[in-house]
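Chemist:
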Amino acid sequence: MMPAWAARLGASRDQERALEEERSRTQAALQVMPHMLLELDADERLLRGHPGWLDRLPLLGPMAQGQGLQNFLPAELAAEVRRVLAEVETTGAPVSRDWHLRHAGARVWLAISAARLPPLAPDRRPGHAVMICDTTELHAQRKQADRLGKFAQLTTNLVIVTDPEQRIEWVNAAFEQQTGHPGQSVRGQPLCAVLQGKPAPGGCGDRLRAMLAEGQPARAEVEATAACGRSFWLDVSIQPLLDDEGALDGYMAVASDITAHKRQEEQLAAMAAEARAARARLAAAVDVLPDGFAYFDAEDRLVVFNPQYRDCYPGAAPAIVPGARFEQILRQAVQSGDILEARGREEDWLAERLAAHHLDSNQQEQQLADGRWLRVIERQTPDGGRVGLRVDVTALKLAEQRARIDFSATMDASQDGIAFTDPEGRYIYMNPAHREMFGIAAEDEILGRSWRELYTGDVADHIATTALPALLSTGGWRGELIGRRRDGSDLPQEVSLTLKADGGIICISRDISKRLREQQERTRLREELQMAQRREVIGQLASGLAHDLNNLLAAIGGSALLIRELQPGAAEVHAQRILAATEQAGALVRRFLTLGKRQSNRSRIDLRPLLQEAADLVQAGLRNRTRLTLALPDAPVWIEADPTDILQVVLNLVINARDAISTAPPREGGHEITVALAPAGSAQLAQTYAVGTPCADRRYVSLTVSDSGPGIEPAMQAKVFQPYFSTKGAQGTGLGLAIVTGVLTANQGAIALQSAPGMGTRFTVLWPVEPPDAAAPSDEPAPPFALPATAEPAPSARPTAEARPAGRLAGRTILVADDNADVLRVLVAFLEGAGAEVVPCSDPRDALAALQEDPQIWDLLVTDYDMPQISGADLCRAANDLAPDLPVLLITALPDWRSRMSAAAPRFTAELGKPLSRATLLDTAERAIGMKAG
């Protein structure tokens, strides 16, 4: 076990080693410090010291422990250190001050700092720590900064200091005075935003920002705006400020007011512009263009020239020197071959050229050997010399050539006729289109001849007395004329005349024969359409009158037959007279009905031009910001139809759409009517139509007319196809859609309606591609048999009293409905006379009730079509639903009953017209009942 004293000795040695290591580290740290460090005791004797880098100066003596300050410091420095220590003792706080001395003729600045040290023992006084730093360089920098600061404050230039982000940190008084912005108000604002009020020409502001963003020095001229709104110009130089490590520390901008300089520049620029304008005016006055320039004195020797003049004549370039005579230079150019036009006649050309050169004024063009063209301009000066210009007009010559070629090609390719005349009215040019219009084979046939040859005498006189005076007074005239072709035929043309500067005339002519034919055709179609509409109106009126008259005739005829059968003898003559009158009245009715008919003029037509024609007719009448749009296929759409029928359908639908839109409120972007044409697909054939039923095995085209108008209420949609029903009040006839349905029925077409309030209206029309079969009804499958309204037996075939059909319908129960009591009695008498049991109903509602009560007891239903409350079509549909096998016989005085239906036609077994004979009625009834039994 180690003795205690040995352990203490070891610990003491460890502490000594640790202290020695700490002392070594401290000494090493002191060696790199540039400052002098002194540790003094209370008597100001040196305990420890580190001279720092100050020992490199000869002002210090050797430093040793125990020395006083005066032993190693110069006396003035030692005295200053003592004053600092005294102040530390007085204040009890550390003290630092700057002090300087002169050494080797230069001032050396030192910073002296001192502070108390804790006493080494409780009974001893505290010492001091002193640090002396060489701040000569720092003082120089401070002095320079002070001087710069004073300069910045006193200079009339604007000085701005910013941070690295170009935000202003400080401005001088000149800035505040010049801009009117106090330093506080601009501090923190971007430099460019404060400095630049308007961008200088050339984009200086943008360039300034780009250079500052890269940390580069920048200089620019900017137009700034003071706080009062006054603008002024600044020449701004901006330098980046770098820290000790070379990093960007900010910017300094120095700006000088160059407003006066700018004003002077502007004045100088104005003066220069005026000088240039004066030179330009002078150049224009003498018709000189600056290019190659040369001045020859009065002795014709070259004095001044520019390089362009020498470049004009490369072969003569060695001779183009000051002092050379013009003739010498010209001969050299000719001998070298520079001037193309002088080749082969050199001496003659030289003589001509020299003579022209000595004129007071000379201007000519030269073609050089290398293909260039020069315009030579020479003027004599007041001193007897001559100024010569050489202008390269090669590009102009080439452009003129191209322009002549292009102009000629353009004129020749124009579809319009173009012709030029000289001031005397003789043709000097006529393009192919113009010659073709007049039948002129070749241009030489017309050149040099008067324009009057292309017009008759009266037309030429009209041009001379009307068009030419207007042309001379206004410089132009436009109108329509009738020219005369070579073959003597008329040429309708639209002519535009323009007066040329030399007194000649430019004539642009267009053949308007096709346009006039189209106008005539449109007029014809419009008139034909109006006539067709008038015929339709007459037909509608005739149909209504025929209905009532046919009912009367049916009653008269039936009564006559009954009289003849029941009262032979004396009554036979009267009955025969009634029958004859009945036949004559029926014929009169049929002739009256033809007043509303129009002969069909079917042909194979393309629907697209016809729809375009209809659109042109309606276009002018559109109101309420309405657009009419056609959606037509590119390929032709051929059908067999009468063009007037198509126009009637399209115009009525489009006009209805137009009138509906006129009552609608304004719509953003305006309203629109669309007419579309396309082949009908299977889906369209399968849908339900208001009028007509398309056949699945036929081809149709689909024509749709849609609008963005107010739409139609559901309750009104079932009535719009009825004759005389109108939503336009007194302005409507109620026949537009009735005409449409009549045309479609006659052509076996169909029409559907889709509409809702506020959603617009859409009509879809199906038109058969092939012509309709005249043997089949237009809108339903052909019935088992049907007789026309004129199928009255001939007088020789009429049954006599001995040939009554008694018992032919015995045991049959027949329901008869007709709202005309006289006709009803006649029908009942005919049927009862044949043995049938007949139930008459003058109110169709009674007939419907009878059907609903027991539909199976009836063998036949005979019904009129036009009846109040319930039509014959409605009664037939009910019979078809209640008793599908029950035959239904329609007897009507309306030949156009199909066009009056707003839905698909029901299944009538047969249709008969009024008036009719008993034999026709009984034969048809018997056959219809027989079909049911079979």
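Heads up: the sequence shown is residues 95 to 1028, going by the numbering used here. C-beta: ideal position from N, C-alpha, C; glycine also. Here the structure is a predicted model, which is why all the values come from computation and not from measurement.
Once the 5 residues before and after GLU588 are set aside, which same chain residues still bring their CB inside 6 Å of it?
Modeler: As a working mapping, residue 588 is identified with position 494 in the sequence shown. Closer than 6 Å at Cβ, skipping near neighbours: GLU574, ARG604 and ILE606.
Chemist: Under DSSP, the alpha helix (DSSP H) around TYR403 begins and ends at which residues?
Modeler: Working through the sequence shown from its first residue, we reach residue 403 at position 309. Start and end: 401 to 406.
Chemist: Taking the alpha carbon of ALA413 as the point to measure from, which residue in CYS406, GLN422 and ASP405 has its own alpha carbon closest?
Modeler: For the purposes of this step, residue 413 is taken as the residue at position 319 of the sequence shown. Of the listed residues, the one whose Cα sits closest to ALA413 is GLN422.
Chemist: Taking 8 Å as the cut-off, decide whether the C-beta atoms of PRO258 and GLY344 are in contact.
Modeler: Here the question's residue 258 lines up with position 164 in the sequence shown. Here the question's residue 344 lines up with position 250 in the sequence shown. Going by C-beta atoms, PRO258 is nearer than 8 Å to GLY344.
Chemist: Could you tell me whether the segment 314 to 333 touches the segment 267 to 278, where touching means 3 or more Cβ pairs closer than 8 Å?
Modeler: Contact holds: three or more Cβ-Cβ distances are below 8 Å.
Chemist: In chain order, what are the residue ranges of uninterrupted beta strand (DSSP E) at least 3 long that sit wholly in the segment 572 to 629?
Modeler: Qualifying beta strand (DSSP E) stretches, in chain order: 584 to 593 and 599 to 605.
Chemist: Quick check: the segment 841 to 850 against the segment 774 to 792, are there 3 or more CB pairs under 8 Å?
Modeler: These segments touch.
Chemist: If you compare alpha carbons, which of ARG177, ARG580, PRO213 and PRO220 is closest to ILE206?
Modeler: Stepping through the sequence shown from its first residue, residue 206 is reached at position 112. The residue with the shortest Cα to Cα distance from ILE206 is ARG177.
Chemist: Decide if ASP464 is buried, meaning its Cβ has at least 16 other Cβ atoms within 10 Å, or exposed.
Modeler: Along the sequence shown, read from residue 1 onward, the residue named residue 464 stands at position 370. So ASP464 counts as exposed.
Chemist: By a C-beta neighbour count over all protein chains shown, 10 Å radius and 16 as the cutoff for buried, is VAL398 buried or exposed?
Modeler: Taking the first residue of the sequence shown as 1, we reach residue 398 at position 304. It counts as exposed.
Chemist: For the segment 432 to 447 against the segment 456 to 463, are there 3 or more C-beta pairs whose distance is under 8 Å?
Modeler: Judged by Cβ distances under 8 Å, the segment 432 to 447 makes contact with the segment 456 to 463, as three or more pairs qualify.
Chemist: Is there a Cβ of chain D sitting closer than 8 Å to that of TYR794, yes or no?
Modeler: Looking for chain D here will not work: only one protein chain is present.
Chemist: Would you say LEU328 and ALA349 are within 8 Å of each other, going by their C-beta atoms?
Modeler: Here residue 328 is taken as the residue at index 234 of the sequence shown, counted from 1. Here residue 349 is taken as the residue at index 255 of the sequence shown, counted from 1. Cβ distance < 8 Å, so LEU328 and ALA349 count as in contact.
Chemist: With DSSP collapsed to three states, give me the class of ASP753.
Modeler: Locating residue 753 in the sequence shown gives position 659, where the first residue counts as 1. Reduced to three states, the DSSP call for ASP753 is helix.
Chemist: Taking DSSP as the reference, what is the three-state secondary structure of HIS233?
Modeler: What you label residue 233 is simply residue 139 of the sequence shown in a count that begins at 1. DSSP places HIS233 in helix when its eight states are reduced to three.
Chemist: Does VAL553 come out as helix, strand or coil in the three-state DSSP assignment?
Modeler: Here the question's residue 553 lines up with position 459 in the sequence shown. Looking at VAL553 - three-state DSSP - the assignment turns out to be helix.
Chemist: From the DSSP secondary-structure annotation, give me the bridge partner or partners of ARG520.
Modeler: Numbered from 1 along the sequence shown, position 426 holds the residue referred to as residue 520. Paired residues: SER544.
Chemist: Under 8 Å, do LEU831 and PHE815 count as touching if we go by C-beta distance?
Modeler: Residue 831 sits at position 737 when you count from the first residue of the sequence shown. Residue 815 sits at position 721 when you count from the first residue of the sequence shown. In contact: LEU831 and PHE815 (Cβ atoms closer than 8 Å).
Chemist: Return the chain-ordered list of same chain residues with a C-beta closer than 7 Å to the C-beta of GLY186, the five sequence neighbours on each side being excluded.
Modeler: Counting from one through the sequence shown, the residue named residue 186 turns up at place 92. Taken in chain order, the list of residues that qualify is empty.
Chemist: Which two residues bound the contiguous beta strand (DSSP E) that contains ALA223?
Modeler: Taking the first residue of the sequence shown as 1, we reach residue 223 at position 129. Start and end: 222 to 228.
Chemist: Just to confirm my understanding: we take GLU1020, look at its own chain, exclude 5 residues before and 5 after, and list those with CB closer than 7 Å. What are they?
Modeler: As a first step, residue 1020 must be located in the sequence shown, where it is residue number 926. Only ARG902 and LEU903 meet the Cβ criterion.
Chemist: Closer than 6 Å by C-beta to LEU1010: which residues in its own chain qualify, once you throw out the five before and the five after it? Chain order, please.
Modeler: Numbered from its first residue, the sequence shown carries residue 1010 at position 916. Nothing listed; no residue qualifies.
Chemist: Please list the terminal residues of the continuous alpha helix (DSSP H) segment that includes HIS194.
Modeler: The residue given as residue 194 occupies position 100 in the sequence shown. Counting along the chain, HIS194 falls outside any alpha helix (DSSP H), though it belongs to the beta strand (DSSP E) covering 189 to 197.
Chemist: State buried or exposed for LYS1008, treating a residue as buried only when at least 16 other CB atoms are found within 10 Å of its CB.
Modeler: Residue 1008 sits at position 914 when you count from the first residue of the sequence shown. Burial call: buried.
Chemist: Give me the Cα-Cα distance between ARG898 and VAL910, rounded to the nearest whole angstrom.
Modeler: Residue 898 sits at position 804 when you count from the first residue of the sequence shown. Residue 910 sits at position 816 when you count from the first residue of the sequence shown. Note that ARG898 has pLDDT 47, beneath the 50 cutoff, so the model's placement of it is unreliable and the number below is only indicative. Looking at the two C-alpha atoms, the distance is approximately 21 Å.
Chemist: Under the rule that 16 or more other beta-carbon atoms within 10 Å means buried, what is GLN742, buried or exposed?
Modeler: Reading the sequence shown from its first residue, position 648 is the one you call residue 742. Buried, because 16 or more other Cβ atoms sit within 10 Å of the Cβ of GLN742.
Chemist: Return the Cβ separation of ASP912 and ASP958 in integer angstroms, given the expectation that the two are a contact with Cβ distance under 8 Å.
Modeler: Against the sequence shown, residue 912 aligns to sequence position 818. Against the sequence shown, residue 958 aligns to sequence position 864. At roughly 4 Å, the Cβ-Cβ gap stays under 8 Å, so ASP912 and ASP958 are in contact.
Chemist: Looking only at C-alpha atoms, which of HIS451, GLY386 and ASP486 sits nearest to GLU472?
Modeler: Position 378 of the sequence shown holds residue 472. Minimum Cα distance to GLU472 is reached at HIS451.
Chemist: Looking only at C-alpha atoms, which of GLY1024, ARG939 and ASP1017 sits nearest to PRO981?
Modeler: Start at 1 with the first residue of the sequence shown, and residue 981 comes out as number 887. Cα-wise, what sits closest to PRO981 is GLY1024.
Chemist: For PHE879, is the classification buried or exposed, using 16 other Cβ atoms within 10 angstroms of its Cβ as the cut-off for buried?
Modeler: Within the sequence shown, the letter at position 785 stands for residue 879. Low local confidence applies: a pLDDT of 38 at PHE879 is under 50, so the model's placement there is unreliable, with the coordinate-based value given in what follows. It is exposed - the Cβ of PHE879 has fewer than 16 other Cβ atoms within 10 Å.
Chemist: Is TRP991 helix, strand or coil by DSSP?
Modeler: For the purposes of this step, residue 991 is identified with residue 897 of the sequence shown, where counting begins at 1. Helix.
Chemist: Which residue's Cα is closest to the Cα of LEU424: GLY482, THR475, ASP385 and SER849?
Modeler: One-based indexing of the sequence shown puts residue 424 at position 330. The candidate whose alpha carbon is nearest that of LEU424 is GLY482.
Chemist: Which two residues bound the contiguous beta strand (DSSP E) that contains TRP861?
Modeler: In the sequence shown, counting from the first residue as 1, residue 861 sits at position 767. Taken as a continuous stretch (DSSP letters only), the beta strand (DSSP E) holding TRP861 covers 855 to 862.
Chemist: So, does the segment 771 to 783 touch the segment 733 to 747, judging by three or more C-beta pairs under 8 Å?
Modeler: The segment 771 to 783 is not in contact with the segment 733 to 747.
Chemist: Please classify LEU610 as buried or exposed, where buried requires at least 16 neighbouring CB atoms within 10 angstroms.
Modeler: To locate residue 610, count along the sequence shown from 1; it is residue 516. By the 10 Å Cβ count, LEU610 comes out exposed.
Chemist: Apart from the five residues just before and just after PRO408, which ones in its own chain have a Cβ nearer than 6 Å to its Cβ?
Modeler: Your numbering for residue 408 matches position 314 in the sequence shown. Cβ within range, chain order: n/a, list empty.
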